[in-house]
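Just add 1 to the spot in the sequence shown (first one is 1) and you have the working numbering.
C-beta atoms are modelled at their ideal positions from N, C-alpha and C, and glycine is treated no differently.
What follows is a single structure, written as structure tokens, with notes after it.
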Amino acid sequence: MNFFRGVMGGQAAGPQPSGAETIQKLCDRVASSTLLEDRRDAVRALKSLSKKYRMEVGTQAMDHLINILQTDRSDSEIIGYALDTLYNIICSDEEEEQDENTQKQVDDLGAQFTDHFIQDPEHLTLLLTLLEEFDFHVRWPGVKLLTALLKNQGPQVQGVILVSPMGVSRLMDLLADSREVIRNDGLLLLQQLTKSNAAIQKIVAFENAFERLLDIITEEGSSDGGIVVEDCLLLLLNLLKNNSSNQNFFKEGSYIQRMKPWFEVGDDNSGWSAQKVTNLHLMLQVKQSGRVCPPPRLSFRSTQQGSRCGFTERSSVLSTINTVSEVIRGSQVNQDYFASVNAPSNPPRPAIVVLLMSMVNERQPFVLRCAVLYCFQCFLYKNQKGQGEIVATLLPSTIDANSISAGQLLCGGLFSADSLSNWCAAVALAHALQDNLTQKEQLLRVQLATSLGKPPVSLLQQCTNILSQGSKVQTRVGLLMLLCTWISNCPIAVTHFLHNQENVPFLTAQISENLGEDERLVQGLCALLLGICIYYNDNSLENYTKEKLKQLIEKRIGKENFVEKLGFITKHELYSRAAQKPQPIFPSPEEMLFDHEFTKLVKELEGMITKAVHKSSEEEKKEEEVKKTLEQHDNIVTQYKELIREQDAQIQELKEQLSSMTSQNEQMQATMTQQLSQIQQHKDQYNILKLKLGKENQNQGEGSQVNGMQTEELTQLREDVEELRKQNALLQTQLDDKDALINKLVSEQSLYTSMNSYFVDLTQELEALRCQLQSQSAELNQVKMERQELLRRAEAGSSNPENDGSMDALGVLSTQAEAKSSTESRAELEQQLASSTSTVAILQTEKAKLQTAVQESKKEQDDLLILLSDQDQKIFSLKQRLKDLGESVEDEDEDDLDAKDQMDDDEEEEDDDEEED
Numbered sequence: 002m003n004f005f006r007g008v009m010g011g012q013a014a015g016p017q018p019s020g021a022e023t024i025q026k027l028c029d030r031v032a033s034s035t036l037l038e039d040r041r042d043a044v045r046a047l048k049s050l051s052k053k054y055r056m057e058v059g060t061q062a063m064d065h066l067i068n069i070l071q072t073d074r075s076d077s078e079i080i081g082y083a084l085d086t087l088y089n090i091i092c093s094d095e096e097e098e099q100d101e102n103t104q105k106q107v108d109d110l111g112a113q114f115t116d117h118f119i120q121d122p123e124h125l126t127l128l129l130t131l132l133e134e135f136d137f138h139v140r141w142p143g144v145k146l147l148t149a150l151l152k153n154q155g156p157q158v159q160g161v162i163l164v165s166p167m168g169v170s171r172l173m174d175l176l177a178d179s180r181e182v183i184r185n186d187g188l189l190l191l192q193q194l195t196k197s198n199a200a201i202q203k204i205v206a207f208e209n210a211f212e213r214l215l216d217i218i219t220e221e222g223s224s225d226g227g228i229v230v231e232d233c234l235l236l237l238l239n240l241l242k243n244n245s246s247n248q249n250f251f252k253e254g255s256y257i258q259r260m261k262p263w264f265e266v267g268d269d270n271s272g273w274s275a276q277k278v279t280n281l282h283l284m285l286q287v288k289q290s291g292r293v294c295p296p297p298r299l300s301f302r303s304t305q306q307g308s309r310c311g312f313t314e315r316s317s318v319l320s321t322i323n324t325v326s327e328v329i330r331g332s333q334v335n336q337d338y339f340a341s342v343n344a345p346s347n348p349p350r351p352a353i354v355v356l357l358m359s360m361v362n363e364r365q366p367f368v369l370r371c372a373v374l375y376c377f378q379c380f381l382y383k384n385q386k387g388q389g390e391i392v393a394t395l396l397p398s399t400i401d402a403n404s405i406s407a408g409q410l411l412c413g414g415l416f417s418a419d420s421l422s423n424w425c426a427a428v429a430l431a432h433a434l435q436d437n438l439t440q441k442e443q444l445l446r447v448q449l450a451t452s453l454g455k456p457p458v459s460l461l462q463q464c465t466n467i468l469s470q471g472s473k474v475q476t477r478v479g480l481l482m483l484l485c486t487w488i489s490n491c492p493i494a495v496t497h498f499l500h501n502q503e504n505v506p507f508l509t510a511q512i513s514e515n516l517g518e519d520e521r522l523v524q525g526l527c528a529l530l531l532g533i534c535i536y537y538n539d540n541s542l543e544n545y546t547k548e549k550l551k552q553l554i555e556k557r558i559g560k561e562n563f564v565e566k567l568g569f570i571t572k573h574e575l576y577s578r579a580a581q582k583p584q585p586i587f588p589s590p591e592e593m594l595f596d597h598e599f600t601k602l603v604k605e606l607e608g609m610i611t612k613a614v615h616k617s618s619e620e621e622k623k624e625e626e627v628k629k630t631l632e633q634h635d636n637i638v639t640q641y642k643e644l645i646r647e648q649d650a651q652i653q654e655l656k657e658q659l660s661s662m663t664s665q666n667e668q669m670q671a672t673m674t675q676q677l678s679q680i681q682q683h684k685d686q687y688n689i690l691k692l693k694l695g696k697e698n699q700n701q702g703e704g705s706q707v708n709g710m711q712t713e714e715l716t717q718l719r720e721d722v723e724e725l726r727k728q729n730a731l732l733q734t735q736l737d738d739k740d741a742l743i744n745k746l747v748s749e750q751s752l753y754t755s756m757n758s759y760f761v762d763l764t765q766e767l768e769a770l771r772c773q774l775q776s777q778s779a780e781l782n783q784v785k786m787e788r789q790e791l792l793r794r795a796e797a798g799s800s801n802p803e804n805d806g807s808m809d810a811l812g813v814l815s816t817q818a819e820a821k822s823s824t825e826s827r828a829e830l831e832q833q834l835a836s837s838t839s840t841v842a843i844l845q846t847e848k849a850k851l852q853t854a855v856q857e858s859k860k861e862q863d864d865l866l867i868l869l870s871d872q873d874q875k876i877f878s879l880k881q882r883l884k885d886l887g888e889s890v891e892d893e894d895e896d897d898l899d900a901k902d903q904m905d906d907d908e909e910e911e912d913d914d915e916e917e918d
């Protein structure tokens with residue numbers, strides 16, 4: 002004991018031993034002492050030296066400390082000292098500021114000691130066993146030590162714990178510890194344990210981790226809780242992200258319903274703390290990562306219908322819910338519902354208004370304002386109805402002085418003193434105009450009252466006024482993005498912008514100046530705005546036509562300089578970052594410069610503006626003429642295509658009529674065959690009746706009067722039969738004519754087939770003519786360029802008289818060749834078009850003839866059917882008269898009557914079909 006008194010600060014004579022010597026003596030004492038008390042004092046002394054002499058203690062004492070953990074497990078005090086010492090040498094808790102090199106050395110030292118400790122897996126197994134001890138002095142330092150080992154060498158430690166029997170279960174027991182410090186450090190331990198290891202994540206989840214974590218979050222106050230809630234949420238994210246098994250387990254359990262109270266946010270006018278914002282943001286990430294509902298768009302619809310998720314009404318009032326943003330993005334149904342949601346405020350206000358109030362409030366956290374902006378952008382994405390509603394709140398006819406509207410908040414943010422509010426409001430208003438020409442024109446009507454006694458100015462004019470006042474870079478960038486989005490593809494807005502005589506001089510001055518690095522982006526955006534004024538200019542203002550603006554650029558700025566300044570936008574490092582994804586994620590407010598949708602607009606306009614600036618007026622006129630010519634040819638081809646489609650439809654209709662007439666002909670032939678059979682039966686019956694009457698005349702003399710009457714009847718029957726023969730012959734002749742007509746229609750069908758192929762060839766020929774016209778236009782341009790080159794050479798060589806004649810001759814020859822080529826190509830094209838027009842007229846005449854033939858054939862068919870019906874009626878009356886004369890009707894006659902009824906029904910059905918046709 003005297004030895005320790007001397008080592009730990011006793012006043013001993015002579016030179017004091019160094020730290021390494023003292024540690025060596027302590028290590029020898031730990032290894033050689035037989036008394037537990039001596040060993041305990043030595044380990045306690047090593048613990049006190051381990052922070053100052055981390056290297057020496059780790060190098061000399063680690064093996065002795067591990068041996069203490071194995072041999073002295075019965076004494077919790079010495080075990081606690083040993084664990085604290087190991088923790089101090091593996092993980093440095095020094096909070097002093099260190100330079101980069103020193104910090105790297107500290108981290109390397111901890112990694113070396115960690116490697117030495119886990120070199121034998123039994124050491125980790127021993128540490129897991131010690132964590133079962135309930136003694137605070139053992140369990141707490143053991144948790145900290147294992148956490149430090151996981152931080153330094155996570156995958157290796159995870160592998161040992163994974164194969165250790167009941168290793169994960171022992172660590173899960175830490176969450177049930179009644180001592181908060183151990184429970185909280187246990188959360189940190191499980192966070193490190195579950196990083197990037199799906200197998201351990203599954204084991205932790207099935208060890209009832211979800212239940213325990215949700216209990217802790219509820220106990221700590223949900224979103225109003227402190228850092229413990231944040232740690233629980235981070236652990237939940239580790240368990241759910243990229244782990245479908247845990248996601249399904251979370252979904253199938255009762256945990257979804259338990260998440261509802263997280264989003265019950267009351268009215269708090271004092272604002273949210275930074276911790277609450279962080280907690281809410283993590284809660285929404287848990288919701289999104291766990292896929293606790295079906296896919297986002299379906300999820301939102303189902304909650305509108307009262308499904309079990311029940312998040313919509315609570316989460317729609319939150320300002321940091323990126324999940325809701327994804328749900329409503331591009332979904333008209335969800336966007337309409339979101340627009341109708343009121344926030345639980347007093348008085349109730351639309352959720353959109355509450356969101357914008359947070360966005361333009363500079364006291365709100367930056368991450369919250371970014372999330373609100375993205376939510377507003379998702380609400381307006383491909384939502385023309387929502388865009389109209391936002392712009393309408395700015396129009397004079399809809400302004401309500403007694404309530405706060407979205408338009409008022411956007412204008413307030415646009416002209417506030419906070420540059421971030423200016424930028425967010427400008428971007429939000431630009432999204433209300435995105436791809437919506439109607440709202441761009443409507444926004445021109447907005448008038449603003451600047452001050453008392455002064456007339457109101459338009460919103461467009463006020464934006465340019467603030468721009469010219471030289472505000473912060475972020476404000477000017479936001480206003481320039483708004484103006485570019487506003488006037489692009491809107492000639493009326495361009496005219497309004499150019500009508501202010503100060504705008505163009507301001508833009509040219511900004512572009513032409515040599516400013517610093519920070520101002521280059523502003524110069525590029527000014528060049529883009531001026532280029533839009535050129536490209537979408539309708540030449541309605543005489544002082545600012547396309548040609549005059551291009552001349553102004555050439556004189557004041559220079560075309561090459563203008564294009565170079567325009568290229569500054571895409572070369573900016575923040576441009577590519579914003580172009581990657583729609584959600585605005587910025588590490589700091591100063592880097593919030595570009596909007597994702599605006600990067601698309603820049604990419605679309607940059608090339609077009611560059612070409613427009615370099616083109617001359619003559620080239621533009623020629624291009625317009627070529628476009629008009631091509632449009633005319635396209636119209637001709639379109640007309641031919643429509644004509645071909647109509648004729649194809651008519652040919653198809655004729656085919657159907659031909660098929661119908663063929664089937665009707667077959668039916669008529671079958672009917673005629675049946676009628677001929679019936680006539681033959683009538684003839685046979687007539688012969689039999691004639692024989693019977695002859696016998697009766699010979700045997701019965703007194704019935705002369707009756708026989709006379711029967712003779713008259715027989716005579717009449719003979720006449721009727723003869724008439725039926727004539728009608729049969731006539732019907733046969735008509736059937737032959739029908740066959741001939743059908744054959745003619747078949748031949749005409751082949752003719753229409755050939756006509757169809759001809760029209761296809763004609764369409765291809767017109768396409769070839771169009772390509773020929775384009776090539777000839779290119780040749781004309783080439784000849785023009787050669788003539789200009791020759792003229793230039795002629796001017797250069799004007800001092801030499803010998804060259805004058807040759808140059809003039811070459812100019813005349815190039816002009817004559819150009820005129821001759823153009824005249825010949827135009828004459829040839831006009832001749833081909835005239836030929837195509839005459840061909841179409843001939844085909845239309847043929848079509849009219851065919852339609853007339855079809856109508857005549859249909860009329861003859863109707864007449865034929867009427868004759869057949871009359872013949873059937875006469876046959877029926879003859880049979881009836883035979884019955885009246887006393888002749889018995891056989892079974893065949895009854896069958897004939899049934900057949901006649903069937904024929905009548907068939908004829909009626911055919912008549913109905915013809916009427917339908």
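Check                                                                                                                       : Outcome
Counted within 10 angstroms of its Cβ, other Cβ atoms place Gly-414 as buried (16 or more) or exposed                       : buried
Backbone secondary structure at Gln-856 - three-state DSSP                                                                  : helix
Met-63 to Leu-87 span [Cα, whole Å]                                                                                         : 7 angstroms
Ala-431 (DSSP reduced to helix, strand or coil)                                                                             : helix
Assigned secondary structure, Glu-458 (DSSP; H/G/I helix, E/B strand, else coil)                                            : In the sequence under discussion, the amino acid at residue 458 is Val, which differs from the Glu named in the question. Here Val-458 sits in strand by DSSP.
Limits of the unbroken alpha helix (DSSP H) element including Lys-252                                                       : 245–253
Range of the contiguous alpha helix (DSSP H) that encloses Met-482                                                          : 474–488
Distance, Glu-514 Cα to Leu-395 Cα                                                                                          : 36 angstroms
Buried versus exposed call for His-65 [16 or more other C-beta atoms within 10 Å across all chains shown]                   : buried
Status (buried if at least 16 other CB within 10 Å, exposed otherwise) for Phe-339                                          : buried
Inter-stretch contact at 8 angstroms, needing at least 3 Cβ pairs: the stretch 48–57 / the stretch 31–38                    : no
Counted within 10 angstroms of its Cβ, other Cβ atoms place Thr-600 as buried (16 or more) or exposed                       : buried
Cβ-Cβ separation, Ile-535 to Ile-610 (assumed contact under 8 angstroms), whole Å                                           : 7 angstroms
Span separating the alpha-carbon of His-432 from that of Thr-571                                                            : 20 angstroms
For Ile-919, the nearest candidate out of Thr-35, Ser-420, Met-56, Gln-648 (CA to CA)                                       : Residue 919 is absent from the structure shown; the chain starts at 2 and stops at 918.
Alpha carbon of Gly-20 to alpha carbon of Gln-61, nearest angstrom                                                          : 12 angstroms
Inter-stretch contact (C-beta, 8 angstroms, three-pair minimum) for the stretch 369–376 and the stretch 384–394             : no
Whole-angstrom distance between Glu-720 and Gln-668, CA atom to CA atom                                                     : 29 angstroms
DSSP three-state assignment for Val-707, whether helix, strand or coil                                                      : Bear in mind that the predicted position of Val-707 carries a pLDDT of just 46, short of 50, making it unreliable; the figure below should be weighed with that in mind. Val-707: helix per DSSP, three-state reduction.
Of the residues Ser-420, Cys-379, Pro-349, the one placed nearest Val-361, counting alpha carbons only                      : Ser-420
Same chain, Cβ closer than 6 angstroms to Gln-368, five either side skipped, listed in chain order                          : Rather than Gln, the amino acid found at residue 368 in this sequence is Val. Closer than 6 angstroms at Cβ, skipping near neighbours: no residue.
Which of helix, strand or coil DSSP assigns to Ala-671                                                                      : helix
Per-residue DSSP class, three states only, for Arg-350                                                                      : strand
Validate contact between the stretch 474–486 and the stretch 450–465 using beta carbons, cut 8 angstroms, 3 pairs           : yes
Distance CB(Gly-525)-CB(Phe-569) smaller than 7 angstroms                                                                   : yes
DSSP-derived helix/strand/coil call for Ala-730                                                                             : helix
Nearest-angstrom Cα separation, counted from Phe-135 out to Val-58                                                          : 28 angstroms
First through last residue of the alpha helix (DSSP H) which encompasses Ser-577                                            : 574–579
Cα-Cα separation, Pro-349 to Asn-343                                                                                        : 6 angstroms
When Leu-410, Asn-209, Thr-439 are compared against Cys-425, the one with the closest alpha-carbon                          : Leu-410
Straight-line Cα distance separating Ile-79 from Asp-186                                                                    : 22 angstroms
Other residues of its chain near Cys-379: CB distance less than 6 angstroms, five sequence neighbours each side excluded    : Ser-326, Ile-329, Arg-330
Extent of the continuous alpha helix (DSSP H) run through Leu-37                                                            : 37–51
Exposure label - Val-278; buried when at least 16 CB within 10 Å                                                            : buried
Nonlocal neighbours in the same chain, by C-beta distance under 8 angstroms from Asp-76, ignoring five residues either side : Leu-37, Arg-41
Sheet register partners of Ala-958 (DSSP bridge)                                                                            : This structure does not reach residue 958, given that the chain is present from 2 up to 918, and the question cannot be answered.
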